[in-house]
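Protein chains in written order, with our numbering: chain W, 8 to 426; chain E, 8 to 426. Read the structure below first, then the notes.
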């Protein structure tokens, strides 16, 4: 066993052992720890901001872009936001212990299905330091231990935040080892964590395609991915075109770097001549580049030519693919062939068309007359989100604290034996 | 790409494509296909039994044990059982399309969580040919395509059964490629199936530890394991000892090869002197070998010495480990340290002790005053079972057709955009 693997194993094993205390702690104890962690973040502000200064100095020396540096930067206001988010998690209803089913068999056996924590959750993420506290808070709320592995550019900040979080755990009488940030950022720590069958119960990568691939290709433990979104809006022949325009602008331009942002607009040929020229002007105002199919370009002369690859690309910026389709069937075929099964919408006043679209599109979130940007734990009312799962098992779409639980069956009998 | 990987990929890709027809087919169409498959199994009986004869001849030539040969053997009665099981699956309620949650957000967005098929399920199994039809029927019922990979010793039988099943699919107008048995049994087909990200959505290994390890160590797609059970019964100080004896005999002896059978009996020291001598006689009558801790051996003189390894072993036969514990706490520590988190029971009349045990034991099924042998989809009332999942995510414990589904969110708006 390599030295690194040994260190990761030791940390994870200690976190797993300590995680049982979280699983068995009362709601009140876990919430108290969350509130105490928020308080510790405030008390330790000077120490945390000093650590953040070290990361910022390294970032400057490395010549990181202003956008990347800004993601990394903490100040008193941002730190207060992190503390408040921690307190908000404390206020969420506790998923642990919830009875989701309860039935009695003809032989008198009563079977209860009850939510319990998953165990030890490994979360791998990049850049923004607020994720460190968010992830720790969601795991603690749901009774899970966690091992966090953040990006190297934020290591000093993350270690300082984790130290304050540990203070919160201890204040509530919980073992601080249950929530641990890896104190090193070697690339090899990722496959090391993923190899720990029987210790790590689930590994959640949040980040770019490189990170996701590294985890999926090496992990021997279950993975829940938070991968790319290639999302579509299909403007049907019976669409309210003003509504369609507002939704397209929102889905594409409000936050183009999000995974639920629009990449490809499909327009029914019946409304293309009426819709596309107006849409083109509106997109131009938002400084959005259009890459269009041949037919569309006749209606949007300033558009560039869309390549086959464009329709398979998550642009993560102000670029929109546009394609005219002959009807619902071609729209469905395109989305199923080019999409990533994340979030896809139909805009129409025709209920039969909408129902057919919702049934045929095999995506985590299918929309009728709303923006794809609503694919979000907060917007769904989950209170907080671990992320948007692009996997199909256990968690699909917005992943809340409930998806950080599994269940056990409790079976109560009066001496029953099997015949 | 190797030739084998190419062949597996082609088959899986065709099955995945065809699986959409199953996902979108009505309940009635899928049930009709199941009934037609049952009928085809009857019509094709001569062909199937002839194929089975080939496998039996090979088994005989290879010198397989009588027990193994018997598992392989089909006759008219067993084939009829398989057909009837197929019809029983048709009668189960359809999980596909079920709405499990439905709520409206303050902004008017209505969000429906609806069960949908997982997609393409790969099931890898050994020996008994009835599993071929069982697995295919459960996948079809739940709208999933499947690729089945059975054991080499049953290949002729399995191919014949799959042929009849395909007849059923075609009779209902469904594409027979959606349910495919791999026509070759090379060992390399297992990692090949597990490598097909984007095509195979889940891989379910059912079999011995070698098979499970091979799948888990190579798979890049999600796995739901059906692994070993090291199950415990703890006879508490307040146990009804007659009930305890009946449960221990049932859990150990009724079907010792099952994963939910008892391996280790823990006895509270307060009742050991009264309980163990009687239990020893009862076990001796059932020809069950006892391997006991030192303290227990004073009360069961004919018992062998239990080694540390015995307490970590799934004996799969008439061997029982016995250990005296000082109380609930030691029982919990032993089970958490040596068990496999499968099925564990406490026998007691003390509700507080029972509640503490049920909460502290982190197993898929925790029992109070009942035999661990009830961990079973049929006994739970699921109608049929894919198996007993020893994983914690998506399916834990008895896995029914419901666990062969995932969900999508259908979001209906009136033009909402995100602010």
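Even for Gly, the Cβ is constructed at its ideal location relative to N, Cα and C.
Would residue 174 (chain W) and residue 28 (chain W) be called neighbours here (beta carbons separated by less than 7 Å)? no
Per DSSP, the bridge partner or partners of residue 328 (chain W): Residue pairing by DSSP places residue 328 (chain W) opposite W:271 and W:298 in a beta bridge.
Between which two residues does the beta strand (DSSP E) holding residue 416 (chain E) run? It spans 412–423 - the beta strand (DSSP E) in which residue 416 (chain E) sits, taken as one unbroken run.
With residue 249 (chain E) as the anchor, note down where its alpha helix (DSSP H) starts and where it stops. Residues 248–260.
C-alpha gap between residue 226 (chain W) and residue 132 (chain E), whole angstroms: Rounded to the nearest angstrom, the two C-alpha atoms are 23 Å apart.
Counting beta carbon pairs with one atom in the stretch 327–336 of chain E and one in the stretch 263–277 of chain E, are three or more of them shorter than 8 Å? yes
Shortest alpha-carbon distance to residue 43 (chain E) belongs to which of E:347, E:140 and E:8? E:140
Applying the 10 Å Cβ sphere with the 16-neighbour rule, what's the burial state of residue 83 (chain E)? exposed
Exposed or buried, residue 264 (chain E), counting other C-beta atoms within 10 Å across all chains shown (16 or more means buried)? Under this definition residue 264 (chain E) is an exposed residue.
Return the first residue and the last residue of the beta strand (DSSP E) that residue 239 (chain E) is part of. Per DSSP, the continuous beta strand (DSSP E) segment holding residue 239 (chain E) begins and ends at 238–242.
By alpha-carbon positions, which one of E:106, E:129, E:127 and E:138 ends up nearest to residue 118 (chain E)? E:106
Is residue 127 (chain E) close to chain W? Criterion is C-beta to C-beta, closer than 7 Å. no
What number of angstroms, rounded off, separates the C-alpha of residue 380 (chain E) from the C-alpha of residue 257 (chain E)? 8 Å
Consult DSSP for residue 114 (chain W) and reduce its assignment to one of helix, strand or coil. coil
Chain-ordered residues of the stretch 161–184 of chain W with a beta carbon less than 9 Å from chain E: none
Hey, is residue 153 (chain E)'s beta-carbon within less than 7 Å of any beta-carbon in chain W? no
At a CB distance below 7 Å, what residues from the stretch 218–244 of chain E approach chain W? Give them in sequence order. Cβ contacts with chain W: 223, 224, 227 and 229.
Which of helix, strand or coil DSSP assigns to residue 148 (chain W): If DSSP states are grouped into helix, strand and coil, residue 148 (chain W) belongs with the helices.
Whether residue 199 (chain W) touches residue 15 (chain W) by CB criterion (7 Å): Taking 7 Å as the Cβ cut-off, residue 199 (chain W) and residue 15 (chain W) qualify as a contacting pair.
Determine the chain W residues that contact residue 112 (chain E) at a beta-carbon separation under 9 Å, and present them in chain order. 381, 386, 387 and 388
Which of the residues in the stretch 399–424 of chain W, read from start to end, lie with their CB under 9 Å from any CB of chain E? 399, 400, 401, 402, 403, 404, 405, 413, 414, 415, 416, 417, 418, 419, 420, 421, 422, 423 and 424
Closest Cα partner of residue 162 (chain E) within the set E:245, E:148, E:313 and E:188: E:188
Mind listing the chain E neighbours of residue 281 (chain W)? Cutoff is C-beta to C-beta under 8 Å, in chain order. Near residue 281 (chain W) there are no residues of chain E at all, since even the closest Cβ is about 18 Å away, more than 8 Å.
Are residue 123 (chain E) and residue 375 (chain W) touching if we call contact CB-CB under 7 Å? no
In the stretch 249–266 of chain E, which residues sit with their C-beta less than 7 Å from some C-beta in chain W, listed in chain order? 250, 253, 254, 257 and 261
What residue range does the beta strand (DSSP E) around residue 129 (chain W) cover? Element bounds for residue 129 (chain W): 127–132.
Nearest by alpha-carbon distance to residue 370 (chain W): which of E:415, E:341 and E:388 is it? E:415
For residue 18 (chain W), name the three-state secondary structure that DSSP assigns. helix
Below 7 Å CB to CB, which residues in the same chain sit around residue 321 (chain E) once its five sequence neighbours on both sides are set aside? 235, 236, 237 and 270
Could you pull out every residue in the same chain whose Cβ sits closer than 6 Å to the Cβ of residue 408 (chain W), ignoring the five residues on either side in sequence? Same-chain partners within the cutoff: 102, 145, 148 and 149.
Rounded C-alpha distance that separates residue 201 (chain E) from residue 232 (chain E): 13 Å
Within 7 Å of any Cβ in chain E, is that where the Cβ of residue 44 (chain W) sits? no
I'd like the span of the beta strand (DSSP E) that includes residue 7 (chain W), first residue to last. Absent from the model: residue 7 (chain W). The displayed extent of chain W is 8 to 426, so no value can be given.
Is there a Cβ from chain W that is less than 7 Å from the Cβ of residue 378 (chain E)? yes
Using beta carbons (cut-off 7 Å, strictly below), is residue 56 (chain W) in contact with chain E? no
Using a Cβ distance threshold of 8 Å, determine whether the stretch 239–253 of chain W contacts the stretch 279–286 of chain W, with at least three qualifying pairs required. Taking 8 Å as the limit for Cβ pairs, the verdict is that the stretch 279–286 of chain W does touch the stretch 239–253 of chain W.
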